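As given, the protein sequences belong to chains P and Y, one line each in that order.
Here the first sequence is numbered in this note's numbering, starting from 5 and rising by one per residue.
Here the second sequence is numbered in this note's numbering, starting from 5 and rising by one per residue.
Glycine is no exception: its CB is placed at the ideal position from the N, C-alpha and C atoms.
All figures in this text were calculated on a predicted structure; none of them were measured in a lab.
Working notes, structure below.
2 protein chains.
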Amino acid sequence: MLAQEGLKQIGSVAKQSGLPIKTIRYYDELGLLKTFGRTEGNYRLFNSDVFVRLRFIKRAQSLGLSLLEIKEFLEVHDRGDLPCDRIKVKLEDKLEEIEQQIQQLQILKQELKGLLSGWKTIPEHPEETICPIIEQVPSYSVSGTLTQSIPFFSTNDA
Amino acid sequence: MLAQEGLKQIGSVAKQSGLPIKTIRYYDELGLLKTFGRTEGNYRLFNSDVFVRLRFIKRAQSLGLSLLEIKEFLEVHDRGDLPCDRIKVKLEDKLEEIEQQIQQLQILKQELKGLLSGWKTIPEHPEETICPIIEQVPSYSVSGTLTQSIPFFSTNDA
DNA sequence: CTTGACCCTCTAGCTAACTGGAAGGTTTAG
DNA sequence: CTAAACCTTCCAGTTAGCTAGAGGGTCAAG
């Protein structure tokens, strides 16, 4: 029997939200959810806030934030603040990250295109290379300030 | 004492290549390296082919191929073929993958930019949202055939 | 009273590419 | 002979976000 009105067990939260039960339990374990206590039978109880929280989590996740980052925001929120300003800063960082990722991928793409456009099944060199073309050093001057080349060997001695 | 001329122990391979010993051992375990036997003391011996192989591995990795994919190529190579044609197909697939990744990231970027440009530290709504802005449904019509929206809740019942 | 749906915790596994450490064998210089 | 530097295998842990399964408790209906 449910302890109070309007409280839900994990199963119906799962159904309404479309998320697997296991996932909801997992979020709860990580401290993302703040359950509304338990029944006498030790069943988790949620009030309808949980849907707002879940939607927030999923939305933030889809924007590239990790569960731990999201947890921080939720904690700020739970202390009474709107975490908007912090979120803004994070999102600005994310934006920069994403722009860099895109740049890296563009470089890669250019490289791959270059390799593929110059492709021929090269005949000679039986032993000294594995695949001659793929081993070419990239010589791109794509567009702009890209001096950083893709590493062949990193420089750590261990 | 080294069994033969020109053979290297793992330490000097590590030094010359710049890769950690552990990594080289790991590649060997995965079957990427084909050692040149062992000493009486059970030390791995490499001939200088190993540098070609390592360079190939690192290069292919930097092009977005996994170690398992790379292993396939090396096995083809070791059976006597130049694995170029297979590599070509893989690389074409990779190219497509990368283009899709870029597209996804562009969408994300647009979204983030949209959020950040419309940003104000919104005052009201104490409880029904966590951060009002981040919870907006994205309404982008970026450029072209993007019907797929970022999922809030997926559609699996479990 | 029993069945079935629901819930609990706990442990372990998944992917990928390593990395760290324990415990111990080998080789060489002094 | 001993110490240092090198090597070996094996086991476990890292990251992130779950997911699977075992083993068992709770609850309402028939």
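- Annotated three-state conformation of Phe60(P) is helix, per DSSP.
- Contact of Glu73(Y) with chain P by beta-carbon distance below 7 angstroms is absent, the smallest such distance being about 12 angstroms.
- Distance from the CA atom of Glu33(P) to the CA atom of Gln108(Y), rounded to whole angstroms, is 31 angstroms.
- Not one beta carbon of chain Y lies nearer than 8 angstroms to the beta carbon of Lys38(P).
- At a cut-off of 8 angstroms between beta-carbon atoms, Gly10(Y) makes no contact with chain P.
- One alpha carbon belongs to Gln114(P), the other to Ile28(Y), and they sit about 30 angstroms apart.
- Taking the beta carbon of Gly45(P) as reference, no residue of chain Y falls within 7 angstroms; the closest one sits roughly 22 angstroms away.
- When beta bridges are read from the DSSP output, Lys117(P) appears opposite no residue.
- Within the DSSP bridge table, the entry for Arg42(Y) names Arg48(Y) as partners.
- Using a Cβ distance threshold of 8 angstroms, Leu99(Y) and Lys19(P) do not count as a contacting pair.
- For Gly35(Y), the closest Cβ of chain P is not nearer than 8 angstroms.
- Using a Cβ distance threshold of 8 angstroms, Phe55(P) and Leu11(P) do not count as a contacting pair.
- Put simply, the CB of Gly68(P) is near chain Y, with a gap under 8 angstroms to one of its CB atoms.
- By the rule that beta-carbons nearer than 8 angstroms mark a contact, Glu96(Y) touches chain P.
- For Glu33(Y), the enclosing alpha helix (DSSP H) begins and ends at Ile25 to Glu33.
- Contact annotation for Glu103(P) against chain Y: Lys113 [CB-CB distance below 8 angstroms, chain order].
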